[in-house]
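Asker: Per numbering that gives the first Met the number 0, the sequence shown starts with residue 0, numbered consecutively.
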Amino acid sequence: MKKIENLVFRLLNGIREIIYNRKKLVLFICIILMFYVLNGLEWVYYSILPKNIISEFVIAVIKPIVLFLTVIVFGTPRGTHKLSKGFYKIGFHNKEYEIPRLLNRKHLSKETDIEIYTFYSPYLSLMDWENSQDRIETLLGYDILQIKFSKHNKKIINVYIVDLDKFFSKTILWKDEMLVDDECTLLLGVSAFEKVKINLNNVPHSLVAGGTGSGKTTLFKLCLWQCLLKNMEVYIADFKGGLDFNGIWHDKCKIITLELDFLDTLVSIKTEMNKRRDIFVSHSCRNIEEYNNKNDEKLNRIIIACDEVAELLDKTGLKKSTNKEKLELMEKIEEHITSVARLGRAFGVHLILSTQKPSADIINGQIKINLGNRICGSADKILSQMVLENNSALEKIPPNSKGVFINQNDVLFKSFLLDENNLILSKKGV
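1) Rounded to a whole number of angstroms, what is the C-alpha to C-alpha distance between Leu101 and Ile14?
2) Less than 9 Å between the C-beta atoms of Val70 and Ile17, yes or no?
3) What do you get for Gly240, buried or exposed, if any count of 16 or more other CB atoms within 10 angstroms of its CB means buried?
4) For Phe34 and Asn408, what's the separation of their Cα atoms in angstroms?
5) Assess, as a yes-or-no matter, whether the region 196 to 205 is touched by the region 338 to 349 under the definition of 3 or more beta carbon pairs within less than 8 Å.
6) By how many angstroms is the C-alpha of Lys196 removed from the C-alpha of Ala309?
7) At which residues does the beta strand (DSSP E) containing Ala236 begin and terminate?
8) So, with DSSP's three-state summary, where would you put Val410?
9) Between the Cα of Asn230 and the Cα atoms of Leu178, Leu265, Ile368, which residue gives the shortest distance?
10) Pull up the DSSP beta-bridge partners for Asp360, would you.
11) Quick check: the Cα distance between Ser267 and Gly210, rounded to an integer number of angstroms?
12) Which residue from Thr216, Lys23, Thr264, Cys222 puts its Cα closest to that of Leu242?
13) Could you tell me whether the region 89 to 103 touches the region 169 to 186, using the rule of 3 or more Cβ pairs below 8 Å?
14) Rounded to whole angstroms, what is the Cα-Cα separation between Glu324 and Asp313?
15) Excluding sequence positions up to five away, which residues of its chain have a Cβ less than 8 Å from the Cβ of Asn390?
16) Taking the alpha-carbon positions, what's the Lys194 to Glu327 distance?
17) How would you call His349, buried or exposed, if buried means at least 16 neighbouring beta carbons within 10 angstroms?
18) Ignoring anything shorter than 4 residues or poking outside the region 109 to 179, list the alpha helix (DSSP H) runs there in chain order.
19) Taking the alpha carbon of Gly78 as the reference point, which residue from Phe118, Met329, Thr256 has its own alpha carbon closest?
20) Taking the alpha carbon of Thr184 as the point to measure from, which residue in Ala191, Asn200, Ala345 has its own alpha carbon closest?
21) Of the residues Asp263, Leu218, Leu228, Ala345, which one's Cα is nearest the Cα of Asp277?
22) According to DSSP, which residues form a beta bridge with Ser196?
23) Would Gly212 and Lys401 be called neighbours here (beta carbons separated by less than 9 Å)?
24) In the DSSP assignment, the beta strand (DSSP E) including Leu206 goes from what residue to what residue?
25) I'd like the span of the alpha helix (DSSP H) that includes His349, first residue to last.
26) Could you give the distance in angstroms between the alpha-carbon of Lys1 and the alpha-carbon of Phe8?
27) The beta strand (DSSP E) with Asp306 in it runs from where to where?
28) Give me the residue from Phe244, Lys150, Asn103, Met126 with the minimum Cα distance to Asn20.
29) From which residue to which residue does the alpha helix (DSSP H) around His92 run?
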């Protein structure tokens with residue numbers, strides 16, 4: 000009985016596929032047309048074999064049988080039998096041993112490696128699928144990106160799969176033509192579904208973290224390069240002597256290598272924020288976006304970037320030393336950064352901080368709570384917790400991955416690779 004029920008299901012699914020799948024519809028029409036052509040060639044068959052009741056019966060029956068089997072084949076996606084056996088083996092069925100039935104499988108688009116498996120699953124809930132995700136991944140041999148209901152039918156489940164190791168092994172070079180055509184959106188990379196962006200109007204400050212070799216410095220520079228292309232003023236605090244930044248960075252940004260110089264820069268930016276506040280009040284504007292939309296003379300956004308912020312804000316050693324002057328200097332710098340974190344958004348002043356260790360004794364609570372864009376590369380459990388407040392970076396980023404990150408929205412993505420050797424050649428907006 001179950002075999003007959005399954006045969007009927009595959010027949011109905013085949014009819015549905017022919018109706019909704021253009022390629023299968025065209026192929027089915029071609030098969031029908033082929034039969035019309037063969038009708039005119041019956042004389043060839045009868046010239047070989049005698050024309051009698053049996054031969055005429057064979058000719059009459061073979062056509063509908065072929066069409067019937069064609070519909071069954073159309074309604075039976077590749078891998079159906081393997082999945083059916085697999086679901087029983089992993090125990091993915093209800094109490095009556097009813098399993099999900101594969102309706103079709105297709106690629107999401109030509110631009111992606113994502114494949115969608117669509118199942119008829121009236122007996123198992125979405126929670127059942129999510130709880131069994133690890134076992135289903137093993138059965139499919141791919142990573143599951145998402146499991147969700149069909150828009151129009153809660154009995155239909157769509158499973159989005161991809162080979163993440165293959166996807167994240169690709170190198171995606173940054174090209175200046177990719178620049179988003181507005182003043183405040185930065186492009187970070189691509190997830191399996193879409194391009195990943197940050198909008199400085201919506202979330203003004205960012206933290207980029209990751210272990211050694213994670214690619215965080217490359218992503219940090221990618222963000223700053225786009226800021227330059229958008230004519231923002233970029234200040235980079237690099238207390239390793241600026242060695243990580245080649246000539247064009249020194250030409251187009253202000254590279255700061257001394258703590259006292261950085262404090263002077265922060266004081267001047269605070270003065271600029273006060274100046275902009277007066278301008279906004281006089282023009283009845285609430286923020287830089289509103290002001291720039293109303294006025295022809297635009298105000299540039301200001302980026303305060305710090306590569307390895309722990310080199311700057313780690314005061315644990317100073318508190319135990321007698322170097323009170325340096326401790327006082329660090330506290331003043333922290334105070335100004337905290338002020339920018341709280342107030343900078345309205346005035347177009349943004350923080351982009353990079354670090355391997357965003358612990359509480361380095362980035363204080365007031366700064367951290369305002370770092371809305373949190374991006375973490377390859378990390379251990381402690382670092383993942385510090386940045387994302389969960390273990391996602393440890394659990395979801397493939398081991399030894401470079402340039403693979405996860406953000407505060409749990410979106411896993413591959414960052415674009417900024418080729419610094421060609422920045423001079425490709426500088427469009429600088």
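Just so you know, even glycine gets a beta-carbon here, dropped at the ideal spot from N, CA and C.
Since the structure is predicted, the reported quantities are computational estimates derived from the model, not experimental observations.
Answerer: Let me spell this out:
1) Each residue's Cα considered, the two are about 15 Å apart.
2) yes
3) Classification of Gly240: exposed, given that the 10 Å Cβ count is below 16.
4) Taking the straight line from one Cα to the other gives about 56 Å.
5) Output reads yes: the region 196 to 205 touches the region 338 to 349.
6) 26 Å
7) Membership of Ala236 in the beta strand (DSSP E) is indicated by the continuous run 232 to 236.
8) coil
9) Leu178
10) In the DSSP output, where bridge partners are listed per residue, Asp360 has none listed.
11) 33 Å
12) Thr216
13) Output reads no: the region 169 to 186 does not touch the region 89 to 103.
14) 15 Å
15) Lys380, Ser383, Gln384
16) Near 43 Å, if we compare the C-alpha coordinates of Glu327 and Lys194.
17) buried
18) 125 to 130, 132 to 139, 163 to 167
19) A check of alpha carbon separations from Gly78 across Phe118, Met329, Thr256 identifies Phe118 as the nearest.
20) Asn200
21) Ala345
22) Residue identity check: residue 196 is Lys in the sequence provided, not Ser. Bridge partners of Lys196: Leu186.
23) yes
24) Here the beta strand (DSSP E) through Leu206 covers 205 to 208.
25) That residue, His349, is in no alpha helix (DSSP H); its beta strand (DSSP E) goes 348 to 354.
26) 10 Å
27) 301 to 306
28) Asn103
29) Premise fails: His92 is in no alpha helix (DSSP H) and is neither H nor E.
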